[in-house]
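Residue numbers for the sequence shown follow the numbering used here, beginning at 4 and rising by one.
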Amino acid sequence: MEKCKEERKLMKETVISDSSTFDDLHSFSDDDGENCFQSDNLDDDGTTHHLEYSEQICSSCVKKRRLTQTNLFQLWGVKNPADHGKSKNVKQTNLFQMWGFENPGKSKSVQKTTTSLASCKTQRVCPFYKRIPGTPFTVDAFRYGPVKGCSAYFLSHFHADHYIGLTKVWSHGPIYCTNLTARLVRICLNVSPSFICPLELGTEYDLKGIKVTMLDANHCPGAALIHFRLPNGQCYLHTGDFRASKLMQSYPLLANQRINILYLDTTYCNPKYRFPSKEEVLKFVVGVTRTYLNNYPKTIVVVGAYSIGKEHVYFAISKALGVKIYANASRRRILQSFGWAGISENLSTNRKDTPLHILPISSLKFEMLEHYLASQDRQYTRMLAFRPTGWTYSETIGENLSLIKPTSKGNITIYGVPYSEHSSFTELQEFVQFLRPEKIIPTVNVGNAVYREKMQSYFQQWLKA
């Protein structure tokens, strides 16, 4: 009972005693809002903190405690999206079938029993869109345990909603991913090297008679498009998470071979999402930063970031201003694992040495930032913070970034900028019209029948053009 109380207290409380609180809240997250706390957080003094999330709560505690639904959008600091797609004429989707659960069926009688929460868990079955037909391969399907008939597990990139289920005790089969992702799997998850099989980007490999090639996905570091060519000549492309670009049209495998099935990241497959290019957003961020520092020299600049992703935002500021980047030990360890030239020289271990600091994007809330600014020993009098994510996009602003209005409270200013590492609607259209695949299988927002029908109508329109 006491242990359960302690676990709940650890999960519930966020104690802000000094700046290390922000550094220790180091999360793996993605534009979708998926979040998973890192298990081992290193402070600059080398201390390791183990944060364990327990899924099992004792039944006595459950009975005594009233649970309140958390607004996850508010918790993650993103807009609550409009409630689209509700229609009285839409047939209810069988979610058990949609998500690969075994339907428990109906029971004519209910027997009163006492069971633990752990025993109520339903065994999840790997859905079809994570399997590559005609192969013993799956993509981003670690949460399903040992998948029947699967002898090779592919990981498209190192974001929690894709590697969830992959832990240090993994033993279900080899994991194929890019070199950079392989290093992160080893460093952050402590998966045994005997199961990790790194693949070079742009190199074709023969796995069980199937040709496999990893291509740069223009998402987070190490993210890959995965191209499969079967012995019968059929070609399948799984995008994982990606941001489509014109550069991809120069990839020989995509330009010279017909794609029979395209597994497409449809995070922003909605006409309202037409955000500007990464380059335009970076230029805007640098311009705002320069102007602000000219007006208020004693300003600390904060960029909210995921554990993996958004690196180009703070590196652009660093390069433009000629300053180093302060990050805590855990983040520095991850960044240095990328193997990028000169990356170590651009990182600072002392927060007082540079005005550019990186914090978890989930901590970009006024109360938390006020504490962080107060912890700077009066070295800075103001704070300029950036929240770079596609979810900050507004149709009224569109690609005119100058219309972005920051939110301010006291001496803290926060800019939400539409820097997305997923494709916009127009980029998806251009990518599909370039590939002209025989079949498209969406991999995001597939749980709603209206969304699925809408996406299929978009695909048909694009391929007819």
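By construction, the Cβ of each residue, glycine as well, lies at the ideal position given by its N, Cα and C atoms.
Rounded to the nearest whole angstrom, the C-alpha separation of K313 and Y276 is 19 Å. DSSP assignment within the segment 221-273 yields the following whole alpha helix (DSSP H) runs of 4 residues or more, N-terminal first: 255-259. At least 9 Å separates the beta-carbon of L296 from that of V316. Here I328 carries a strand assignment [DSSP, helix/strand/coil].
Look at H360 here: in three-state DSSP terms it is strand.
With respect to F389, I417 sits close: the two C-beta atoms are nearer than 9 Å.
As for any beta strand (DSSP E) of minimum length 3 sitting wholly inside the segment 370-409, the runs are 385-391, ordered along the chain. Exclusion of the five residues before and after L169 leaves F145, L158, I178, V188, L192 and V194 as the residues of its chain whose Cβ lies within less than 8 Å of its Cβ. In the three-state scheme derived from DSSP, where H, G and I count as helix and E and B as strand, E207 is classed as strand. Here I320 carries a helix assignment [DSSP, helix/strand/coil]. Rounded to the nearest angstrom, the Cβ distance from Y239 to N263 is 6 Å, consistent with a contact under 8 Å. An exposed status is given to F131, since fewer than 16 other beta-carbon atoms sit within 10 Å of its beta-carbon.
It is roughly 11 Å from the alpha-carbon of G290 to the alpha-carbon of A319.
Between the segment 372-391 and the segment 246-258, the count of C-beta pairs closer than 8 Å stays below three; the two stretches do not touch. Looking at the backbone, the Cα of W394 and that of P363 are separated by about 16 Å. Here the C-alpha atom of L204 lies approximately 15 Å from the C-alpha atom of F245. Assignment of T292 by DSSP, reduced to helix, strand and coil, places it in the helix class. Residue burial annotation: Y309 is buried, with at least 16 other C-beta atoms found within 10 angstroms of its C-beta. CA-CA distance, W173 to L359, rounds to 38 Å. When only Cα atoms are considered, F341 and G225 end up about 8 Å apart. Sorting T352, R186, N448 and K442 by C-alpha distance to the C-alpha of P136 places K442 at the top.
Under the three-state reduction of DSSP, K442 is assigned to strand. Ranking D164, C153, L183 and G419 by CA distance to the CA of Q339 puts L183 first.
Judged by DSSP secondary structure, Y418 falls within the beta strand (DSSP E) whose first and last residues are I415 to V420.
T302 is not a Cβ neighbour of L367, given a cutoff of 9 Å. In terms of CA proximity to V435, L267 leads the group G325, R334, L267 and V447. Looking at the backbone, the Cα of W343 and that of E373 are separated by about 33 Å. For the pair S405 and S426, the Cα-to-Cα distance works out to about 22 Å. DSSP places A468 outside any beta strand (DSSP E), giving it a letter other than H or E. When secondary structure is reduced to three states using DSSP, A344 falls in the coil class, being assigned neither helix nor strand. Contact annotation: I361 and V420 have beta-carbon atoms that are not nearer than 9 Å. Only residues of its own chain outside the window of five on either side were considered, and among them A258 and F437 have a CB closer than 7 Å to the CB of Q252, listed in chain order. Shown here, Y156 sits in a strand according to DSSP, grouped into three states. One thing to note: L324 has its Cβ within 9 Å of the Cβ of T292. Remark: C-beta atoms of G243 and D356 do not approach each other more closely than 9 Å.
Note that the C-beta distance between T216 and P201 is not below 9 Å.
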